[in-house]
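Student: Residue numbers (full-length UniProt numbering): 1 to 287.
Can you read through this structure? Questions will come right after.
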Amino acid sequence: DAVVIFGFLLWHVIGANSSDDGYILGMARVADHAGYMSNYFRWFGSPEDPFGWYYNLLALMTHVSDASLWMRLPDLAAGLVCWLLLSREVLPRLGPAVEASKPAYWAAAMVLLTAWMPFNNGLRPEGIIALGSPVTYVLIERSMRYSRLTPAALAVVTAAFTLGVQPTGLIAVAALVAGGRPMLRILVRRHRLVGTLPLVSPMLAAGTVILTVVFADQTLSTVLEATRVRAKIGPSQAWYTENLRYYYLILPTVDGSLSRRFGFLITALCLFTAVFIMLRRKRIPSV
C-alpha cells in the first residue's frame with residue numbers, strides 16, 4: 001500500500017500531464033461565462049453533453065483554483081481507489097492461490113502504476129472510467145455473492161455514470177452484461193416473493209438517473225445537435241475501426257512509445273497465458 005500510494009503521490013507532482021490539459025482546462029474555466037459546458041475549441045461551442053458531467057466537476061473545481069496540482073486531484077483519487085479495490089476486493093476473490101500470494105499483489109501494484117502513469121496524470125477522463133469499471137464489477141460480484149439487488153442497482157448507477165463520462169465508459173457496462181445471468185436468477189427468485197414492479201422500477205430508476213445530469217442544462221434538441229456536429233466535423237470513426245487504437249501503439253510516434261504500449265502488452269500477455277492454461281487444464285488451479 002505504501003509503495004503504491006507514494007508512487008501515485010510522487011507522480012502527481014513530478015509526472016507528465018496529458019496533451020489535452022490546456023484544452024480541457026479552458027473549457028472548464030469558460031463554462032460559467034457560457035452558461036453550459038461548451039466545446040468551443042473544436043466543435044463551435046456545441047455542448048459536451050451527453051458526455052459532460054466530468055467536465056462540469058472540473059468547472060466547479062476552478063472556483064477554488066485552477067492550479068495543476070488541484071485540478072488533477074480527481075485522477076489521483078481515482079488511482080488510489082482503484083488500488084484499494086484491487087487489493088481489498090478483486091484479488092482476494094480470485095481464489096486462495098492469489099489471495100495468499102505476495103508476488104501477485106506486488107505484480108498487480110506494479111502493473112497498475114506503470115499502466116496508469118503514462119495516461120492518467122492529467123485532466124482527461126480515462127482515469128474516472130478506469131475507476132468506474134472495477135466499482136461496477138465489485139458491486140455486481142457482491143450482488144451475486146449475497147443474492148441482493150441493492151448492490152446491483154448501485155452497479156447500474158455506476159455503469160451509467162461511467163458511460164456518461166465518455167463513450168469508452170461502455171467498458172463498465174460489460175461488467176453488467178457479464179453478471180447478467182446470475183442477476184436474472186436473483187430477479188426470478190425475488191419476483192416470486194414481491195412481484196415485478198418493485199424489482200423493475202428501482203433498476204430502471206438506477207439506470208436512468210444519469211439523464212437528470214445530462215439534461216440539467218440542455219434540451220434533447222441541443223444534445224442531438226451536439227452529436228450531429230461531432231459526427232460531421234470529426235474526428236469520428238465507425239465502431240469497426242477500433243483496431244486503429246492498437247495500430248497507433250505500434251507506430252514510431254509518442255503514441256507508440258514503450259511506456260504507452262506496456263499496459264496493453266502486459267494485459268495481452270496475461271490474457272493469452274490464462275487462456276492457454278484453461279484450454280489445457282480447463283481451469284487455473286486454486287483460482
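For glycine and all other residues, C-beta sits at the position ideal for the given N, C-alpha and C.
It should be emphasised that the depicted structure is a prediction, and the values quoted were computed from it without experimental measurement.
What does the alpha-carbon distance come out to for the pair N120 and D20?
Tutor: Taking the sequence shown and counting its residues from 1, the one referred to as residue 120 is at position 120. Taking the sequence shown and counting its residues from 1, the one referred to as residue 20 is at position 20. C-alpha separation (whole angstroms): 11 angstroms.
Student: Grouping DSSP H, G and I as helix and E and B as strand, with all else coil, what is F50?
Tutor: By 1-based counting over the sequence shown, the position of residue 50 is 50. The sequence as given places Pro at residue 50; Phe does not occur at that position. Coil.
Student: So, does the stretch 157-165 touch the stretch 109-120, judging by three or more C-beta pairs under 8 angstroms?
Tutor: No: the two stretches stay apart, fewer than three of their Cβ pairs being nearer than 8 angstroms.
Student: Pull up the distance between the alpha-carbon of P202 and that of L76, whole angstroms please.
Tutor: For the purposes of this step, residue 202 is identified with residue 202 of the sequence shown, where counting begins at 1. For the purposes of this step, residue 76 is identified with residue 76 of the sequence shown, where counting begins at 1. Each residue's Cα considered, the two are about 32 angstroms apart.
Student: Less than 8 angstroms between the C-beta atoms of L131 and L154, yes or no?
Tutor: Within the sequence shown, the letter at position 131 stands for residue 131. Within the sequence shown, the letter at position 154 stands for residue 154. No; because the gap between Cβ atoms is not below 8 angstroms, this pair is not in contact.
Student: Return helix, strand or coil for S38, following the three-state DSSP convention.
Tutor: Taking the sequence shown and counting its residues from 1, the one referred to as residue 38 is at position 38. Strand, per DSSP.
Student: Could you tell me whether the stretch 255-275 touches the stretch 75-90, where touching means 3 or more Cβ pairs closer than 8 angstroms?
Tutor: No, they do not touch.
Student: Does the structure place the stretch 215-230 close enough to the stretch 178-195 that three or more beta carbon pairs sit under 8 angstroms?
Tutor: Verdict: no, contact absent.
Student: Within its chain, find whatever has a CB closer than 6 angstroms to the CB of R124; leave out the 5 residues flanking it on each side and keep chain order.
Tutor: In the sequence shown, residue 124 corresponds to position 124, counting from 1. If we look at R124 and ignore the five residues flanking it on each side, its Cβ neighbours are S18, D20.
Student: Just reading off the alpha helix (DSSP H) that S236 is part of, what are its end residues?
Tutor: As a working mapping, residue 236 is identified with position 236 in the sequence shown. Run containing S236: none; DSSP gives neither H nor E here.
Student: Using C-beta distances below 6 angstroms, list every residue in its chain close to M183, excluding the 5 sequence neighbours before and after it, in chain order.
Tutor: Working through the sequence shown from its first residue, we reach residue 183 at position 183. Excluding residues within five positions, the ones whose Cβ falls inside 6 angstroms are A152.
Student: What is the DSSP secondary structure of S259, reduced to helix, strand or coil?
Tutor: Position 259 of the sequence shown, counted from the first residue, corresponds to residue 259. Residue state, collapsed to three classes: helix.
Student: Within 10 angstroms of the Cβ of L163, are there 16 or more other Cβ atoms? Answer buried if so, exposed if not.
Tutor: Indexing the sequence shown from 1 puts residue 163 at position 163. Classification of L163: buried, given that the 10 Å Cβ count is 16 or more.
Student: When burial is assigned at 16 or more other CB atoms within 10 Å of the CB, is G122 buried or exposed?
Tutor: Counting from one through the sequence shown, the residue named residue 122 turns up at place 122. Classification of G122: buried, given that the 10 Å Cβ count is 16 or more.
Student: Is the number of C-beta pairs between the stretch 42-51 and the stretch 209-227 that are closer than 8 angstroms three or more?
Tutor: Touching, yes, given that three or more Cβ pairs across the two stretches are closer than 8 angstroms.
Student: Helix, strand or coil: which one does DSSP assign to H63?
Tutor: Position 63 of the sequence shown, counted from the first residue, corresponds to residue 63. Coil.
Student: Using three-state DSSP, classify G15 as helix, strand or coil.
Tutor: On the sequence shown, position 15 is the one that residue 15 refers to. If DSSP states are grouped into helix, strand and coil, G15 belongs with coil.
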